[in-house]
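A short write-up of the structure that comes next.
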Amino acid sequence: MKNKPLKIVAISDTHGQHRSLKLTKGDIIIHSGDVSKSGRPEEIQDFLDWFSKLKFAHKIFIAGNHDFLFENEHTDVLSKMIPEGVTYLNDSGVEIVGIKIWGSPVTPWFNDWAFNRDRGSEIKKHWDLIPNDTDILVTHGPPFGILDETVYGKRTGCEELLVRVSQVKPKYHIFGHIHEDYGQFIKGKTTFINASVLDDWYDMKNKPFELWG
Numbered sequence: 001m002k003n004k005p006l007k008i009v010a011i012s013d014t015h016g017q018h019r020s021l022k023l024t025k026g027d028i029i030i031h032s033g034d035v036s037k038s039g040r041p042e043e044i045q046d047f048l049d050w051f052s053k054l055k056f057a058h059k060i061f062i063a064g065n066h067d068f069l070f071e072n073e074h075t076d077v078l079s080k081m082i083p084e085g086v087t088y089l090n091d092s093g094v095e096i097v098g099i100k101i102w103g104s105p106v107t108p109w110f111n112d113w114a115f116n117r118d119r120g121s122e123i124k125k126h127w128d129l130i131p132n133d134t135d136i137l138v139t140h141g142p143p144f145g146i147l148d149e150t151v152y153g154k155r156t157g158c159e160e161l162l163v164r165v166s167q168v169k170p171k172y173h174i175f176g177h178i179h180e181d182y183g184q185f186i187k188g189k190t191t192f193i194n195a196s197v198l199d200d201w202y203d204m205k206n207k208p209f210e211l212w213g
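This is how it looks when you write it as C-alpha cells:
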C-alpha cells in the first residue's frame, strides 16, 4: 500500500435507510452489502442515486443477501444501472492509488437468500478467487468466529472464508450481515470490521467506521 494515507469510511447493512446516515468526509467509502430490504429495483435505484452523490473520490459497494436484483438481473442491465464514479464488486477487484480492494457478496446458505452458497467446496470456489496481494477485503458476511455471533449466541461465519483470510492477511477485512456483532477486532496483521449500521431490530444505532489506508 502507498505511503500517503487515504481516509476510508466503511458502512454495511443500511437496508434502505441510507439517507439517515451521518457521514464524515473521506477519500473512499465502502459499503459491504444489504443496501436494500428486498432488492426491488426502486430500492436499488434510490441507493445508487444517493451513493453516487456522496462527496468521496471513490465509492465502492458489494451486494448482500437481501439485494436480489444484483443476482437475478443480467450483467449488461446492471452495468447500465451503476452510475459513473461508483464501483460495484462481485468476485472482482479494483486498485485505487495502489490499494488493492477485492469484494464478494457471497454468504453461506441460509433460507435461500441472494448469493447464498453451500458451505464447503462450493463457497470455497469464491474465496479461492481472492488475490494473495489484497489490501482490503470486502465481503458481506464474516469469517467464522470473528464478529459473527447472533443474538442467540450462535456463530454463523464462514469457515472457508476464515481459512482464506488467514492465508491472504489483508490489512482490513470489512463485512456486515450479522447486525448484532458490530465492531472491530484485530488478529495478527488484519483488522476485522463488522460495519453494520443497523442493530438486530433494524434501528440505526451504529456509527460508520473511519479507517486509514
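Going by full-length UniProt numbering, 134 is the number at position 134 of the sequence shown; the sequence numbering is gapless. Ideal Cβ positions, reconstructed from N, Cα and C, are used throughout, including at glycine.
- Residue nearest to Ser52 within the set Val77, His179, Pro83 is Pro83 (criterion: CA-CA distance).
- For Thr75, the enclosing alpha helix (DSSP H) begins and ends at 75 to 81.
- Beta-carbon to beta-carbon, His173 and Val165 are separated by about 6 Å, close enough to satisfy the 8 Å threshold.
- Taken through DSSP and simplified to helix, strand or coil, Gln184 comes out as strand.
- Residue environment analysis places Pro41 among the exposed positions, since fewer than 16 neighbouring C-beta atoms fall within 10 angstroms of its C-beta.
- At a Cβ-Cβ threshold of 8 Å, His66 and His126 do not count as neighbours.
- With fewer than 16 other Cβ atoms inside 10 Å of its own Cβ, Glu210 counts as exposed.
- Just measuring C-alpha positions, the residue of Glu43, Gly98, Leu147, Thr139 sitting nearest Asn90 is Thr139.
- Here the alpha carbon of Gln17 sits roughly 24 Å from the alpha carbon of Val77.
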